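Each number in our numbering corresponds to the 1-based position in the sequence shown with 357 added.
Every residue gets a Cβ at the ideal spot worked out from N, C-alpha and C, and that includes glycine.
All values reported here derive from a predicted model rather than from experimental measurement.
Quick notes on the structure that follows.
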Amino acid sequence: MQQPKRIFYGWWIVLAAFLALTFTSMTGGYGFSLFYKRLIDHFGWTRTGLAGAISLSRLEAGVLGGIEGFLVDRYGPTRIILLGIILSSIGMIWLSVINSLVEFYLVFILLVTVGRSLSAMVAIDTTVANWFIRRRGTAFGILRTAVAVGAAGVIVVSWFINEFGWRSAFVATGIGILLIGVPTSFVMKPRPELYGLLPDGDSPIKTADPATHMTSDIENQPYHNNDIGMTVMEALYSRAFWALSIGFAIRLMVTGAATLHAIPLVEDLGYSGATAAAVLGSMGMVSIVGRLGGGFMNDAFGTKPVAIASVCLLAVSCLVLAYAQNLWQVILFVVIYAPSYGCSAATMPAIKGDYFGRKSFGSILGLSGMVQMAGSMLGPTFAAYIFDTSGSYRIAFLTFAGLLIISAAMFMSLKKPRYR
């Protein structure tokens, strides 16, 4: 009797990463917008003052990303992720007892941000990119759907904050990070060749069980010599590195600002916090269409045209939001923004894999993140400053629309990917 075919271990990695990123998105990426407004109302801080902490945290995350990429390439993902989980858990619990903006800055930047940087995107994206080549777009499309599912979960976070207060919510988040993060971190394995497998589950070299036959000595081994791809220096001297890094920096500038300021913007139009949370949650859910669709389109049509189309649609959505005066116009923004946002999220790591290969992917991804952090750092603070000085987000989102067109032009200038 023929034995049933085993599920390729790379898909278990995608599942574990999906669970971790769902919780991170629910309580951090999207969910922090809820804490943002509550902290301002409780302490009387300005939006610019608090957004400054978010921007500095993204600066720090970008710098750490470059270091983290080298660490993941050298030591494997599990140890790096575990360290990040411990730090971010302590930081979130500590935030529950802060009483000043200075305290918030110190705890959020030194513990929460460091922890999230070590345990999230660079380590996870590097692991997934190493386990997939032909189906990399699909894998990243599924993985980025986790962010959308987490966005829908902000409704739960909103309910918890309203029932028990923002301090209790910080404590619950810290505990949740440990309960979810520790088990999933042990699923993350460096690369399939170390276990007698090949990327995408193709033609295994020998039978091995990556969940049980891995030793610390194996995990610490560097990449195999037969991996194709650019070295770090080759990537830094390539046009693709700078076009993709700067182009996606602009994209992160826009999405970072939209995520942080979506709830305050809807509340400023006169709607309740629950309605604002529902809009933000729907933004995440609708983006699933773009995340999954973008993943499949990346594999079918190539990552370059998908990247160009997604940022162009983001520019259109910014124009809609700039002139939004009622809830229906905000909904129109969500309908355009969410799928294109999701599609570009799935495309970012996939297109870098196509251009740079697997040889030094973690290191290159981290260095690219150092460039991109300029956008994620400036976007939220720029939007907050425009609001504090003009009483409206209009100028900010009109500026974002123009920058996104520049991003599309940079992607169009790229040649065909080398390692697709």
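Within its own chain, the residues whose Cβ lies closer than 8 Å to the Cβ of Ile447, once the five positions on either side in sequence are excluded, are Leu468, Gly472 and Gly531, listed in chain order.
The DSSP-derived three-state label of Gly714 is strand.
Take the alpha-carbon of Ala529 and the one of Trp516: they are about 13 Å apart. Shown here for Val464: same chain residues with a beta carbon closer than 8 Å to its own, the five before and five after excluded, namely Gly448, Trp451, Leu452 and Ile455 in chain order.
Restricting attention to Tyr742, Ile763 and Val728, the CA atom closest to the CA of Leu671 is found in Ile763. Considering only Met727, Asp656, Leu555 and Asp745, the residue with the shortest C-alpha distance to Val479 is Met727. By a beta-carbon distance limit of 8 Å, Gln729 contacts Ala606. Their separation comes to about 4 Å. Secondary structure note for Phe757: its alpha helix (DSSP H) is the uninterrupted segment Arg751 to Met769. Rounded to whole angstroms, the Cβ separation of Gly586 and Phe718 is 7 Å, and the two are in contact under 8 Å.
Here the alpha carbon of Thr541 sits roughly 15 Å from the alpha carbon of Thr483. In terms of CA proximity to Lys773, Asp711 leads the group Asp711, Pro549 and Tyr742. The C-alpha of Arg715 is placed about 14 Å away from the C-alpha of Phe598. By a beta-carbon distance limit of 8 Å, Ala702 does not contact Arg775. Their separation comes to about 23 Å. The beta carbons of Ile620 and Ala633 sit closer together than 9 Å. With fewer than 16 other CB atoms across the displayed protein chains lying within 10 angstroms of its CB, Leu593 is exposed. Separation of Arg548 and Gly604 (C-alpha to C-alpha, rounded to the nearest whole angstrom) is 29 Å. Only buried fits Leu622, as 16 or more other CB atoms lie within 10 angstroms of its CB. DSSP lists Gly714 as the beta-bridge partner residues of Gly586. Taken through DSSP and simplified to helix, strand or coil, Ile490 comes out as coil. Under the three-state reduction of DSSP, Asp557 is assigned to helix. The beta carbon of Gly423 lies closer than 6 Å to those of Gly723, Leu724 and Met727 in the same chain, with the five residues before and after it left out. Beta-carbon to beta-carbon, Thr612 and Tyr698 are separated by about 6 Å, close enough to satisfy the 8 Å threshold.
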